[in-house]
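Student: So for the sequence shown, full-length UniProt numbering puts the first residue at 1; every next one is plus one.
Beta carbons are placed, not taken as given, at the ideal position from N, Cα and C, and that holds for glycine.
This structure is a prediction, so every number in the text was calculated from the model and none was measured.
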Amino acid sequence: MTQVDFYILPSADPLARLDFACKLTEKAWRMGHRIYLHCNDAAQRDELDARLWRFKGESFVPHGTAESEPEGQVVLGLGESCGDHHDLLINLDLKVPPFAKAFARVAEVVVEDPAIRQAARESFRFYREQGYPLQDHRLQRL
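Have a look at this one:
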């Protein structure tokens, strides 16, 4: 069954979610995982794409969009399908995507913004009701 991890960040800035997603993506990519980053909308995906290029001066995480590189190791996507990705889902949407159950692991990234926290509570409740193993990680610093 899918393992769901909630990463609770000590920031109210919604963009901190993208920065953390970059760090998590780099770590998972270096470990050989295939990562699907599910974005809320095209603007968020464009911002995440830009941050993956520049978040760390000495590293590069090869990535592409679900439309241009559906088989890539790191894919940024929108919509109702994750293609053939089933390893790690980093969910940056405010709701649980319908394909979450297809993944071995799901990472939900939460900041102290009221709308994001409320959406995370609803997602947590959904996962718990479905019987997913849940873990929360309260980070002290970014």
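With 16 other CB atoms within 10 Å as the buried threshold, where does GLU58 fall?
Tutor: As a working mapping, residue 58 is identified with position 58 in the sequence shown. Per the 10 Å Cβ criterion, exposed.
Student: In whole angstroms, give me the CA-to-CA distance for GLU122 and GLU71.
Tutor: Reading the sequence shown from its first residue, position 122 is the one you call residue 122. Reading the sequence shown from its first residue, position 71 is the one you call residue 71. Approximately 31 Å, taken between the alpha carbons.
Student: Going along the chain, which unbroken runs of the beta strand (DSSP E) with 3 or more residues stay wholly within the stretch 52 to 105?
Tutor: Fully enclosed beta strand (DSSP E) runs of 3 or longer: 74 to 77, 88 to 91.
Student: Looking at the unbroken alpha helix (DSSP H) that takes in ASP136, where does it start and where does it end?
Tutor: Working through the sequence shown from its first residue, we reach residue 136 at position 136. Segment 134 to 138 is the beta strand (DSSP E) holding ASP136; no alpha helix (DSSP H) there.
Student: Suppose the cutoff is 6 Å on Cβ atoms and the five residues either side in sequence are ignored; what does the same chain contact list for CYS82 look like?
Tutor: Locating residue 82 in the sequence shown gives position 82, where the first residue counts as 1. Once the five neighbours on either side are set aside, the close Cβ partners of CYS82 are TYR36, PHE99.
Student: Might you give, ordered along the chain, the residues of its own chain that have their beta carbon closer than 7 Å to the beta carbon of ASP136, omitting 5 neighbours on each side?
Tutor: Indexing the sequence shown from 1 puts residue 136 at position 136. Closer than 7 Å at the Cβ level, and outside the excluded window around ASP136, lie PHE6, ILE8.
Student: Identify whether LEU37 lies in helix, strand or coil by the three-state DSSP scheme.
Tutor: For the purposes of this step, residue 37 is identified with residue 37 of the sequence shown, where counting begins at 1. Three-state result, LEU37: strand.
Student: What do you reckon, are the CB atoms on ALA21 and VAL109 nearer than 8 Å?
Tutor: Here residue 21 corresponds to residue number 21 of the sequence shown, with the count starting at 1. Here residue 109 corresponds to residue number 109 of the sequence shown, with the count starting at 1. Yes, the pair counts as a contact, with Cβ atoms nearer than the cut-off.
Student: Grouping DSSP H, G and I as helix and E and B as strand, with all else coil, what is GLU112?
Tutor: Residue 112 sits at position 112 when you count from the first residue of the sequence shown. If DSSP states are grouped into helix, strand and coil, GLU112 belongs with coil.
Student: If I follow the unbroken alpha helix (DSSP H) through ASP19, where does it start and stop?
Tutor: Your numbering for residue 19 matches position 19 in the sequence shown. Residues 15 to 30.
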